[in-house]
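For reference, the structure is listed below as structure tokens.
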Amino acid sequence: KAGVTQTPRYLIKTRGQQVTLSCSPISGHRSVSWYQQTPGQGLQFLFEYFSETQRNKGNFPGRFSGRQFSNSRSEMNVSTLELGDSALYLCASSLPSADTQYFGPGTRLTVL
Amino acid sequence: GENVEQHPSTLSVQEGDSAVIKCTYSDSASNYFPWYKQELGKGPQLIIDIRSNVGEKKDQRIAVTLNKTAKHFSLHITETQPEDSAVYFCAASMRPGNTPLVFGKGTRLSVIA
């Protein structure tokens, strides 16, 4: 069974631009969570989607948004990029009501 | 909300020795405690997890212990090998439900051959 896939793997953007990241969960997984990983703050929860609905949201500004499609694929968008948004963005999927989250390889975003 | 503290931040051991990483959590409602291993350029990979109704769980060279009273849980790796070198993260959450995983800051383990 294929794992969680994320595209693109690397992105370079400049301040003020916006970016969209994509995540395809493991087949059959309907819950998708997004995390931001930085050296200083570690892994921080962004939001979780289940059946196209946002179930939970972390403490990030409104510039960070996401959505989930009917096939469970998810996208996250960051608008008006800031230097501090440079990070590894990780997507994790899980079965409904299951404990275990499986992570993808991440998208490395660099903001110049 | 939940807060997870992880120690040490770095750990070096000789090949064949044991490694222990410790975490504490703040929310007594948390009942699910996974451990992830992250290698360079990869996403975190689940290596073992434990639920609050269990005190200890083993999987070959890896074990996790949980002390609910003290709100401590630990990862034990025995007979360490160079391929165990990676960053290890502990996490806590309340499951089932949609509460997110709260992660510790990570431990960089180096196994010296």
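Heads up: the protein sequence lines correspond to chains A and B, in order.
Just so we're aligned: 62 in the numbering used here is position 62 of the first sequence, and the numbers increase by one with no gaps anywhere.
Just remember that the numbering used here sits 1000 ahead of the position in the second sequence, which is counted from 1.
Quick reminder that beta carbons are idealized off the backbone N, C-alpha and C, glycines included.
If you're wondering where the values come from, they're calculated on a predicted model, not measured in any experiment.
Residues of chain B whose Cβ lies closer than 7 Å to the Cβ of G28(A) do not exist; the shortest such Cβ separation is about 17 Å.
Nearest C-alpha to H1076(B) among N1003(B), F1089(B), A1070(B) and K1068(B): F1089(B).
Around the C-beta of N1031(B), 16 or more other C-beta atoms lie within 10 Å, and the residue is accordingly described as buried. Counting only runs of 3 or more residues that sit fully inside the region 9-45 of chain A, the beta strand (DSSP E) segments are 10-13, 19-24 and 31-38, in chain order. By the rule that beta-carbons nearer than 8 Å mark a contact, G1055(B) does not touch chain A. Taking 8 Å as the cut-off between beta carbons, the residues of the region 1039-1066 of chain B near chain A are G1041, K1042, G1043, P1044, Q1045, L1046, D1049 and R1051, in sequence order. Contact with chain B is absent for T107(A), since none of that chain's Cβ atoms lies less than 8 Å from the residue's Cβ. Between Y10(A) and T1069(B), the alpha-carbon positions lie close to 43 Å from each other. In this structure, Q6(A) sits near L21(A), with a CB-CB distance shorter than 8 Å.
Going by DSSP, L1046(B) is part of the beta strand (DSSP E) stretching over Q1045 to R1051.
Beta-bridge analysis with DSSP links D1084(B) to no other residue. Boundaries of the beta strand (DSSP E) around N56(A): T53 to K57. At a beta-carbon threshold of 8 Å, the residues of chain B lying near Y102(A) are L1046, ordered along the chain. Per DSSP, reduced to three states, the secondary structure at D1059(B) is strand. In the DSSP assignment, G1104(B) falls outside any beta strand (DSSP E), carrying neither H nor E. Neighbours of R1095(B) in chain A, taken as residues whose beta carbon is under 7 Å from its own, are D99 in chain order.
Legend: CB atoms of the region 1007-1022 of chain B lying less than 7 Å from CB atoms of chain A are not found in any residue.
Within the same chain, P25, H29, R30 and V32 come within 7 Å of S72(A) by CB-CB distance, once the 5 residues on both sides are set aside. By the Cβ-count criterion, P1044(B) is buried, with 16 or more other Cβ atoms from all chains shown falling within 10 Å of its own Cβ. Of all residues in the region 1073-1084 of chain B, none comes within less than 9 Å of chain A when Cβ atoms are compared. No residue range can be given for E82(A), since it is assigned to no beta strand (DSSP E) and is classified by DSSP as neither H nor E. One thing to note: K1042(B) has its Cβ no nearer than 8 Å to the Cβ of I1048(B). R67(A) is bridged by DSSP to E75(A).
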